[in-house]
Amino acid sequence: MIKIEINGKITTLKKTTQIKDIDNLTDKYNQDNSIIYHNGYSANLLDTLEENDKLVIIKKNIQPSVDELESLISARHTPFVYEKLKQSKVAIIGLGGLGSNIAISLARMGVGKLKLIDFDHVEPSNINRQQYFLDQLWMHKTDAIEETLKRINPFVELEKTPIKVTEENIVELLKDYEVIIEAVDGAVTKSMIISSVLKLLPTSYIIGASGIAGVYDTSTFVYKTISDRAIIVGDFEHEARKGSGLMATRVAVAANIQANLAVRYILGEVK
Amino acid sequence: MIKVKCNGKDSEIKKNQSVMDIIKQYNLNPKTVVVELNRNIIMYSDFENTTIHENDIIELINFVGGG
Chain Z
9 MIKIEINGKI
19 TTLKKTTQIK
29 DIDNLTDKYN
39 QDNSIIYHNG
49 YSANLLDTLE
59 ENDKLVIIKK
69 NIQPSVDELE
79 SLISARHTPF
89 VYEKLKQSKV
99 AIIGLGGLGS
109 NIAISLARMG
119 VGKLKLIDFD
129 HVEPSNINRQ
139 QYFLDQLWMH
149 KTDAIEETLK
159 RINPFVELEK
169 TPIKVTEENI
179 VELLKDYEVI
189 IEAVDGAVTK
199 SMIISSVLKL
209 LPTSYIIGAS
219 GIAGVYDTST
229 FVYKTISDRA
239 IIVGDFEHEA
249 RKGSGLMATR
259 VAVAANIQAN
269 LAVRYILGEV
279 K
Chain L
-14 MIKVKCNGKD
-4 SEIKKNQSVM
6 DIIKQYNLNP
16 KTVVVELNRN
26 IIMYSDFENT
36 TIHENDIIEL
46 INFVGGG
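Protein sequences appear in the order of chains Z and L. Going from the first sequence to our numbering is simple: count from 1 and add 8. With the first letter of the second sequence counted as 1, position 64 gets the number 49 in our numbering; the numbers rise by one all the way through.
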């Protein structure tokens, strides 16, 4: 016998069972009204199931039950990524163009807990690149992003911290977080955060960004590593200033490079 | 003069200079630079009172705004 997971529940099956042979599969889930994923990819019903395989069966046009929903959300994940991410937590400092995109990607991927730090409110000039909506104007960014994240993946625990990070409070704010993302706007704050985390939080890993303005080619982005525990993404040149704006496309690329580095670190794929 | 390595390059600098002096020679804003000296992070408040010695390895990583 083998054990496999169907919609998050462990099920025992005979060895050499093909997907099409699972009891009642064709009755309950005929292919016209369901979508079946096998280990993160569209299932071939003739494939033979193996120990620890994951099968997700999504019935079209039906609102799934809450206890099934979590496994359905992660149906297209690479197997066992969700389990590791679910156990992890990430602190995001700044919820602007970088941070709002980072929070959404990490919530979609199922990071267990996000600490969301920003003192600011949503205002109209944010809309060109930040993941907020016009009906959220003047809300705290922490409240606005919470609203959106809960609509995407209600299984992520959120800790909202609507205050400014300073040299005085940074250790207290971040001491429980091994993975930290610097996503603030100002260069002075960026360098203070990176220096402080490296100096004062000796077991934390921080991912920052510098040089993401304009619509320059994204192949100009490089990584710089500092003291093995900080990695900074950007071109290190193009700053936001008079005559050089921040644009949705390039900012979102940098944000998702940062988010991907966080995920790679959690999965043990960066040292 | 003493020999140091700064941002991966061999350089010669005057004796008894501080981290702050080096940052200014590179025309950088001391408030936006992360400084690593022999793999230790130097905080902004220590830039003035940290002296560079022969064979030190200095990394200056400058940050620009935008996020």
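C-beta atoms are modelled at their ideal positions from N, C-alpha and C, and glycine is treated no differently. Since the model is a prediction, treat every value here as computed from it, not as a measurement.
| Item | Value |
| --- | --- |
| Rounded C-alpha distance that separates Z/V64 from Z/L93 | 19 Å |
| First through last residue of the beta strand (DSSP E) which encompasses L/V19 | V18 to L22 |
| Residue nearest to L/M(-14) in terms of C-alpha spacing, selected from L/K16, L/N25, L/N1 and L/L45 | L/N1 |
| Per DSSP, cross-strand counterpart(s) of Z/A99 | Z/K123 and Z/I188 |
| Beta-ladder partner(s) of L/M(-5), from DSSP | Checking the sequence shown, residue -5 of chain L turns out to be Asp, not Met. DSSP lists L/K(-10) as partners of L/D(-5). |
| Neighbouring residues, chain Z, relative to L/G(-7) (Cβ below 9 Å) | Residues of chain Z passing the Cβ test: none, with the nearest at roughly 11 Å. |
| Which of helix, strand or coil DSSP assigns to Z/S227 | helix |
| Z/Q144 - DSSP class collapsed to helix/strand/coil | helix |
| L/V(-11) at chain Z interface by Cβ criterion, 8 Å | no |
| Z/S252 in three-state terms, based on DSSP | strand |
| C-beta atoms of Z/E190 and Z/G216 nearer than 8 Å | yes |
| Residue interval of the alpha helix (DSSP H) (run including Z/L63) | Careful: Z/L63 lies outside any alpha helix (DSSP H), inside the beta strand (DSSP E) at K62 to K67. |
| Residue environment, Z/Y45, which counts as buried when at least 16 other CB atoms sit within 10 Å | buried |
| Closest Cα partner of Z/V259 within the set Z/V130, Z/L275, Z/V179 and Z/D225 | Z/D225 |
| Distance, Z/K23 Cα to Z/I100 Cα | 45 Å |
| Burial state of Z/K97 (16 or more Cβ within 10 Å) | buried |
| Within chain L, the residues that Z/L80 reaches when beta carbons sit closer than 7 Å | By Cβ distance, chain L contributes nothing, its closest Cβ being about 34 Å from Z/L80, past 7 Å. |
| Chain-ordered chain L contacts of Z/A191 [CB-CB under 7 Å] | G52 |
| Beta-carbon contacts of Z/L145 that lie in its chain and below 7 Å, excluding the five residues immediately before and after | V130, E131 and P132 |
| Residue from Z/I153, Z/I43 and Z/V89 whose Cα sits closest to the Cα of Z/N69 | Z/I43 |
| Short Cβ contact (8 Å threshold) for L/I42 with L/N14 | no |
| Where Z/D126 falls, given that 16 or more other Cβ within 10 Å makes a residue buried | buried |
| Residue-chain proximity (Z/S96, chain L), Cβ-Cβ < 8 Å | no |
| With 16 other Cβ atoms within 10 Å as the buried cut-off, status of Z/Q139 | buried |
| Given Z/T211 as reference, the closest of Z/H85, Z/D243 and Z/D236 once Cα atoms are compared | Z/D236 |
| Secondary structure of Z/K22, DSSP reduced to three states | coil |
| Whole-Å CB distance - Z/S108 paired with L/M28, under 8 Å assumed | Their Cβ separation, rounded to whole angstroms, is 30 Å, which puts Z/S108 and L/M28 out of contact at 8 Å. |
| Neighbour list for L/E21 in chain Z, Cβ cutoff strictly below 7 Å | I234 and S235 |
| Interface residues of chain L facing Z/V196 [CB-CB closer than 7 Å] | K16 and T17 |
| 6 Å CB neighbourhood of Z/A248 in its chain, flanking five on each side removed | A221 and L254 |
| Cβ of L/I26 within 8 Å of any chain Z Cβ | yes |
| From Z/S50, Z/E58 and Z/N52, residue whose alpha carbon lies closest to that of Z/T25 | Z/E58 |
| CB contact below 8 Å: Z/F88 versus chain L | no |
| Closer than 9 Å at the beta carbon, the chain L residues around Z/I240 | V19, I46 and F48 |
| Contact set for L/I46: own chain, Cβ-Cβ below 6 Å, skip 5 residues either direction | V19 |
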